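As structure tokens, the structure follows; a few thoughts come after it.
Residue numbers (the working numbering): 23 to 155.
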């Protein structure tokens, strides 16, 4: 394998992973897996939105719930901005809605993490299949 192939391969995998993180399903869409991309996108976005609906934007708490926030951040970089809004304290949420909202939004993030890994793996398989390396 040449050095150029390794560099191009790394860039290709990085792009697939970043696309999958920025917009759930976009990494698969870029790889030509349109039906899979649509299923992933709809599932993850709806799960995340249900969590926000149940618990409000206050469930995204980068200060008081760091482990949950780490999982939620796997949804998209947009969660970072929602966390800034939630950190203002203007959206208090307590009790069961808080727990359920955190669980839904965190599960959506962890599901997206699995999809990111899958998109990178599929990109690797496509690159290796094309070159025969």
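Backbone N, C-alpha and C define an ideal beta-carbon position, used for all residues, glycine too. Bear in mind that the values here come from a model prediction, so they are computed numbers and not experimental data.
Where residue i sits in the DSSP three-state scheme
i, result
"residue 129", "helix"
"residue 87", "coil"
"residue 110", "coil"
"residue 75", "helix"
"residue 121", "helix"
"residue 49", "helix"
"residue 144", "helix"
"residue 63", "helix"
"residue 82", "coil"
"residue 134", "helix"
"residue 30", "helix"
"residue 41", "helix"
"residue 151", "helix"
"residue 54", "coil"
"residue 115", "coil"
"residue 95", "coil"
Sequence-distant residues of the same chain with beta carbon closer than 7 Å to residue i, five excluded per side
i, result
"residue 51", "59"
"residue 146", "35"
"residue 93", "128, 131 and 132"
"residue 102", "95"
Anticipated Cβ contact below 8 Å, residue i with residue j, distance rounded
i, j, result
"residue 46", "residue 73", "Wrong, their Cβ atoms sit about 14 Å apart, outside the cutoff."
"residue 76", "residue 123", "5 Å"
"residue 39", "residue 54", "Actually they are not in contact, since the Cβ atoms of residue 39 and residue 54 sit about 16 Å apart, beyond 8 Å."
"residue 68", "residue 82", "About 17 Å separates the two Cβ atoms, so there is no contact after all."
Own chain residues within Cβ distance below 6 Å of residue i, not counting five before or after
i, result
"residue 168", "In the structure as shown, the chain starts at 23 and stops at 155, and residue 168 therefore has no counterpart that could be examined."
"residue 70", "97, 127 and 130"
"residue 78", "113 and 115"
"residue 43", "138"
query = Taking contact to mean at least 3 C-beta pairs separated by less than 8 Å, is the region 115 to 135 in contact with the region 145 to 154?
reply = no
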